[in-house]
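Heads up: the structure comes next, in structure tokens.
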Amino acid sequence: MFLISGPDLVIAACKAGVIGAFPTLNARPVAVLEAWLQRITSELAEAEQASPGKIAPWAANLIVHKNNRRFDPDFELILRYQPEIVITSLGSPARVADQIHGYGGLVFADVNSVEFARKAAERGADGLILICQGAGGHTGFSPAQEFVPQVREFFPGPIIVGGAISTGADIRAVIDCGADFAYMGTRFIATDECQAQDAYKQMVVDASAADIVLTPYFTGVPAHFLLPSIRAAGIDPAVLEATKGQLGFAADGEDDGKDLSAWRDIWSAGKGVDRIHEVLPAAELIQRLRDEYRA
Ligand SMILES: Cc1cc2nc3c(=O)[nH]c(=O)nc-3n(C[C@H](O)[C@H](O)[C@H](O)COP(=O)(O)O)c2cc1C
118 MFLISGPDLV
128 IAACKAGVIG
138 AFPTLNARPV
148 AVLEAWLQRI
158 TSELAEAEQA
168 SPGKIAPWAA
178 NLIVHKNNRR
188 FDPDFELILR
198 YQPEIVITSL
208 GSPARVADQI
218 HGYGGLVFAD
228 VNSVEFARKA
238 AERGADGLIL
248 ICQGAGGHTG
258 FSPAQEFVPQ
268 VREFFPGPII
278 VGGAISTGAD
288 IRAVIDCGAD
298 FAYMGTRFIA
308 TDECQAQDAY
318 KQMVVDASAA
328 DIVLTPYFTG
338 VPAHFLLPSI
348 RAAGIDPAVL
358 EATKGQLGFA
368 ADGEDDGKDL
378 SAWRDIWSAG
388 KGVDRIHEVL
398 PAAELIQRLR
408 DEYRA
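Just so it is clear: in the sequence shown, position 221 is 338 by our numbering, and no numbers are missing.
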């Protein structure tokens, strides 16, 4: 999750047996990314020695959109630190697939329509992350029970489903739709290890799905945001209909206004907030998800 998932959350998730991921752009400037990658790889290698076979792989999320001015240095570091999985978002995996396959890594492409899923499969994706309705950030619009079977018709690889998954029962539901993995963002905002400020975590705990608004106003692409954070920033929700933002990603030392502050001051979350009632340590949350899934 942009700005709020970092090494603490990735390491805690992987140690608890769940793949932890973070967008490379969260480490600012690029020298910080190298420090994060060093820390993640060394702490997980140590944990693997202590508990062989119990540590999940980690993943880096690389924005492959042409507006990402950090693409080149970030990709170079990915090739050096070799995450088992690279998640590509906002563009084609073709730009990175060969080099990632070259070191034995897998490319999972984030898509929100059958058309993009087909293109990503043709362009080297090993796994497809289907963003379904209700997701935090740039959401999708289909229900999993519709999207998964449509993609399964032409894609034999792993299918990962994201969107409003907050409990073990929610995970079970997408597995029953034919998914191989569940992909969760919003639920992990309300963890001790997430880098979001405490007031953001509390807003996720307090919010209901009715507090989540869909708008292209801040980023140019429809995304879900917490209405109380929009009001707290002094923005009249009525203007959200009127104008559209620009998709852009501020690089090191830059704050090109709307787009970075959109995520820093206007907080995103998905409709799964309804089933989030407390902030927990990630390991405790993951154990709870397992118990709920089994139940
Ligand atoms: C605050 C926030 C920031 C996000 N930033 C990104 C991002 O930078 N790149 C990305 O691929 N997805 C991003 N997402 C989407 C998540 O990767 C994931 O698809 C989504 O959180 C899943 O739905 P859920 O939030 O309902 O669990 C973000 C989601 C949230 C809530």
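Where a beta carbon is used, it is the ideal one built from N, C-alpha and C, also for glycine.
Where DSSP assigns a beta bridge to residue i, which residues make up the other side?
i	result
G257	Q250
T205	L179 and A226
F264	The partner list for F264 (beta bridge, DSSP) is empty, contrary to what the question assumes.
A340	T332
G244	F225
N143	Paired residue(s): none; N143 is not in a bridge.
S385	F342
T308	L397
With residue i as the anchor, note down where its alpha helix (DSSP H) starts and where it stops.
i	result
S159	V147 to A167
H218	A214 to G219
Y317	D315 to D323
F192	F188 to Y198
K236	V231 to E239
D408	A399 to R411
I128	P124 to K132
Assuming residue i is part of the beta strand (DSSP E), what are its boundary residues?
i	result
P273	Looking at the DSSP string, P273 is not in any beta strand (DSSP E), and its letter there is neither H nor E.
A441	Given that the chain is displayed from residue 118 to residue 412, the structure contains no residue 441 and the question cannot be resolved.
A286	Not the beta strand (DSSP E): A286 falls in the alpha helix (DSSP H), residues G285 to D293.
F298	F298 to Y300
G138	Here the sequence assigns Ala to residue 138, which means Gly is not the residue at that position. Start and end: G137 to P140.
What is the C-beta distance between residue i and residue j, in whole angstroms, given that I count them as a contact (C-beta under 8 Å)?
i	j	result
E201	L223	7 Å
D227	T256	D227 to T256, Cβ: 11 Å. No contact.
V321	A307	5 Å
H341	A386	7 Å
A281	G254	In fact, because the Cβ distance is near 12 Å, the residues do not count as touching under 8 Å.
N143	S159	About 19 Å; that fails the 8 Å criterion.
Answer with buried or exposed for residue i, where buried requires no fewer than 16 other C-beta atoms within 10 angstroms of its C-beta.
i	result
H394	exposed
E263	exposed
E270	exposed
S283	buried
R411	exposed
K388	buried
A316	exposed
E310	buried
A350	exposed
G137	buried
V356	exposed
Y220	exposed
E140	With the sequence shown as reference, residue 140 is identified as Pro, and Glu is not the correct amino acid for it. Buried: at least 16 other Cβ atoms inside 10 Å.
K132	buried
G244	buried
A167	exposed
R405	exposed
For ligand 3, I want to know if residue i counts as a neighbour, meaning its beta carbon is within less than 8 Å of at least one of the ligand's heavy atoms.
i	result
W384	Looking for ligand 3 in the displayed structure turns up nothing; the ligands present are ligand 1.
Query raised in the report: Taking three-plus beta-carbon pairs below 8 Å as touching, is the region 319-328 in contact with the region 342-355?
Result: The region 319-328, when compared against the region 342-355, does touch it at the 8 Å Cβ threshold.
Query raised in the report: Does the region 169-182 come close enough to the region 203-218 to have 3 or more Cβ pairs within less than 8 Å?
Result: Enough Cβ pairs lie closer than 8 Å, so yes.
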